[in-house]
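The sequence shown begins at 0 in numbering that gives the first Met the number 0 and counts up one residue at a time. Yeah, the Cβ is synthetic: ideal placement off N, Cα and C, and Gly gets one too.
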Amino acid sequence: MKKIANLFKKIAPWCVAAGIFAYLFHLYPPAKVWHALTYVNLPAFIAFAAAYFIFIFVVDSIVMRWVITHFSHPVSLMDILTGRGATYLIMVLNYPASQAAYAYYLKRRYGIPIFEALGIFLFVIFIDLLWIISLAFAGSFFQEYTIGGIDIGHIARLIGLGAAIFTFVWLAFWRRWPERVLGRHIRIPFIERLRTRGVFSIFNKATAPDYLKVAIMRIPIHFTIIISMYIVLHTFNVDIPFVKILGNIPIVFLIGTLPITPGGLGTTNAATVELLHPYITGAIFGTGKITPQELLFSATLLWMFANYSMKGIVGTFFLKRASSDLFKPTADVPEEEAEEEAAHIGGNI
């Protein structure tokens with residue numbers, strides 16, 4: 000029964016994504032999508048997609064190296080690049096499995112406990128999620144956001160407020176602020192068992208300044224992600240006010256963090272089309288052969304294809320540099336257990 004449940008958990012998100020894409024292709028027929036793709040400046044698009052991917056990959060690895068070295072064990076940047084790069088192949092299909100493989104790699108290379116490594120990944124994902132929520136909160140004040148009659152901006156503001164309260168409570172819990180205020184120890188068995196779980200060990204160590212340092216180090220990544228669609232749309236010879244990118248893309252990625260499809264497939268495509276189509280302009284729309292919605296959907300598909308292709312290329316390159324045995328499960332921690340402990344939302348981020 001457990002195997003069936005695990006199989007359903009893996010297949011269901013892909014089924015949801017397939018359903019969303021089926022609906023989108025019903026709205027924007029493949030022939031129209033293909034026609035829209037003919038407007039792209041392919042050399043410029045490929046050059047930017049490669050530069051974007053390499054930049055994110057390198058900066059992410061630099062930050063991860065700092066976090067692992069600071070909280071666990073000194074590691075080299077090349078080993079982090081190799082470990083993350085190789086697991087991109089797995090990430091395309093199953094994000095938790097890629098995190099587990101990365102943890103096995105660090106275990107074999109440096110002896111870092113599996114759950115400690117997974118906790119480090121969770122720590123970075125937690126900060127990334129706070130960045131996305133914060134940016135979406137800020138973006139919600141730029142304009143009205145409505146999808147299907149739902150006020151997305153209002154929801155983003157509520158989520159932002161809730162995230163701020165949760166973060167304060169989270170830090171208070173792990174840093175034992177209530178105990179410091181009361182001047183006495185508070186020990187509840189259930190809570191103490193939670194604190195001792197390997198995957199949460201980093202949160203016992205991390206101080207508020209540590210959160211802030213990593214958040215600052217992640218700024219280049221989030222800024223690049225936000226402006227990427229602005230540049231992508233220009234490779235299609237259309238224009239959009241930059242302020243609309245700043246206001247809308249964080250909302251798109253907040254929607255994409257919903258763990259209902261793998262990596263936000265379908266949800267981010269639909270949200271991008273819905274939120275940005277009123278604002279893009281260009282001579283190509285004067286002919287009536289293509290609509291802003293069709294071009295936006297085509298651009299998101301091409302961008303998605305480029306990123307997955309880069310993951311495949313980079314993953315293949317680095318896997319050839321390292322033995323595949325480094326990424327296989329260890330005897331002490333089964334693959335299913337590692338995947339269960341891995342963060343399941345990171346792929347969407």
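Any heavy atom of the ligand PLP closer than 7 Å to the Cβ of residue i?
i: G161; result: In the structure shown, the ligand PLP is absent, as is every other ligand, since no ligand is present at all.
Which first and last residues belong to the alpha helix (DSSP H) in which residue i is found?
i: L257; result: Segment: none, L257 is in no alpha helix (DSSP H) and carries neither H nor E.
i: Y229; result: 218–234
i: K31; result: 29–36
i: L274; result: 266–275
i: A322; result: The residue asked about is misnamed: residue 322 is Ser in this sequence, not Ala. Per DSSP, S322 belongs to no alpha helix (DSSP H) and is neither H nor E.
i: D127; result: 113–138
i: E143; result: First-last for E143: undefined, no H or E at that position.
i: A337; result: 334–340
If distances are taken between C-alpha atoms only, which option among the options comes closest to residue i?
i: G118; options: I218, M63, S139; result: M63
i: I215; options: P249, N268, L76, V58; result: V58
i: E115; options: L23, A337, H343; result: A337
i: Y51; options: P208, I230, K288, P249; result: I230
i: G246; options: K31, I45, L134; result: L134
i: L211; options: G311, E339, I126, A96; result: I126
i: K310; options: G346, V180, K8, A342; result: G346
i: A171; options: N93, T145, N203; result: N203
i: S200; options: F70, S139, A46; result: F70
i: H221; options: P240, R183, I250; result: I250
i: I244; options: A270, A96, I259; result: A270
i: H276; options: H184, R183, T145; result: T145
i: P328; options: E143, V213, I113; result: I113
Less than 8 Å between the C-beta atoms of residue i and residue j, yes or no?
i: L36; j: L301; result: yes
i: V66; j: V15; result: no
i: L257; j: I132; result: no
i: Y278; j: V91; result: no
i: V332; j: L295; result: no
i: A305; j: A48; result: yes
i: A102; j: L129; result: no
i: A385; j: T81; result: Coverage of the chain is limited to positions 0 through 348, which leaves residue 385 absent and any answer about it impossible.
i: V39; j: F141; result: no
Does the segment 95–106 touch the segment 190–199, meaning 3 or more C-beta pairs lie closer than 8 Å?
No, because fewer than three Cβ pairs between the segment 190–199 and the segment 95–106 fall closer than 8 Å, the two stretches do not touch.
Report the start-end ranges of each alpha helix (DSSP H) in the segment 160–212 that is 4 residues or longer and not cut off at the edges.
176–181, 188–194, 200–204
Would you say the segment 281–290 touches the segment 253–273, given that touching needs at least three Cβ pairs under 8 Å?
no
Quick check: the segment 233–243 against the segment 150–166, are at least 3 beta-carbon pairs closer than 8 Å?
no
Extract the residue ranges of the alpha helix (DSSP H) inside the segment 59–104, only unbroken runs of 4 or more that lie entirely within it.
76–90
Do the segment 215–229 and the segment 70–82 touch if we need at least three Cβ pairs shorter than 8 Å?
no
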